[in-house]
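**Q** Sharing a structure with you now.
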Amino acid sequence: MFNQTIVRVGIRYGVMSGIVCFALVALLYFVGYNPFGDMGRISYLPIPIFIFLAIRYYKKFIETELSFGKGLRVGLAVAFYSALSSAMLVLVLIYLVGPVILQNHITEMQALLEETREQQIQLLGEDAYKNVYNALENLTPSTQAADFFLWRLIVGSIFALVAAVFFRK
C-alpha cells in the first residue's frame, strides 16, 4: 500500500517544482507585478513539467511496466509536495516582505471587483458580491498561503491524471 519509492520520487520532484514555483512568484514580486494576481498564473507552469519528469523517471528507472494507479500516485505525490513547499515558501515571503505584498493584492482585487461590479452582481447576486468584497479585507498571510496550496494541488492533480494516462502500460 505505502510505497517509499513513490514518496521519495514525489518529494524530490515536488520540492524542486515548489522551489521553481516560488522563484517565479518572488521574481514577479521583485519585478513589480502582483504575484497573486493574473500574472501569478505563470507560477503554475513548473508543476506539469515536474510531474511529467517524475513519472517518466519512475517508469524508466524503477518500474518499466507502470500501471495507471502507480503513475497517478507518483503524480499526486509530486503535486502535493510541490503545492506544500511552494505554499510554505510563499508564506515566508509574505512575512519577510511584510504586509505590503498582501495589501497590494487586496487593493488590486478590489479594483478588479469594482470594474466588473455589474457582471459580478448579475452572476453572484448583490449579497454574495458584498461578501466577497468584504472577505478581501480579512485576507491574512495564512489564508493566502492556504489558497496558494489548494490551487496548486488542484492543478497538479489534474496534470497527474493526464500524465498517468499518458504513461500507463
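Just so we're aligned: 173 in the working numbering is position 160 of the sequence shown, and the numbers increase by one with no gaps anywhere. In this text, a Cβ means the ideal position worked out from N, Cα and C, and glycines have one as well. These figures come from a predicted structure and were not determined experimentally.
1. What residue range does the alpha helix (DSSP H) around L41 cover?
2. CB K152 to CB I119, shorter than 9 angstroms?
3. In three-state DSSP terms, what is N144?
4. Going by beta-carbon coordinates alone, are G31 and Y94 separated by less than 9 angstroms?
5. Is K143 buried or exposed, if buried means 16 or more other CB atoms sit within 10 Å of its CB?
6. On a Cα-Cα basis, can you pick out the residue from Y42, A92 and S80 that is closest to V28?
7. Could you check the C-alpha separation between Q133 and V22 for me, to the nearest Å?
8. Quick test of your reading: G169 and I60, contact by CB under 8 angstroms. State the CB separation rounded to the nearest angstrom.
9. Out of R25, A148 and Q116, which one is the CA nearest neighbour of F63?
10. So A177 and F81 are supposed to be a Cβ contact under 8 angstroms. How far apart are they, rounded?
**A** For this structure:
1. Q17 to V44
2. Position check: residue 152 holds Leu in this sequence, whereas Lys was assumed. Going by C-beta atoms, L152 is nearer than 9 angstroms to I119.
3. helix
4. yes
5. exposed
6. A92
7. 43 angstroms
8. 5 angstroms
9. R25
10. 5 angstroms
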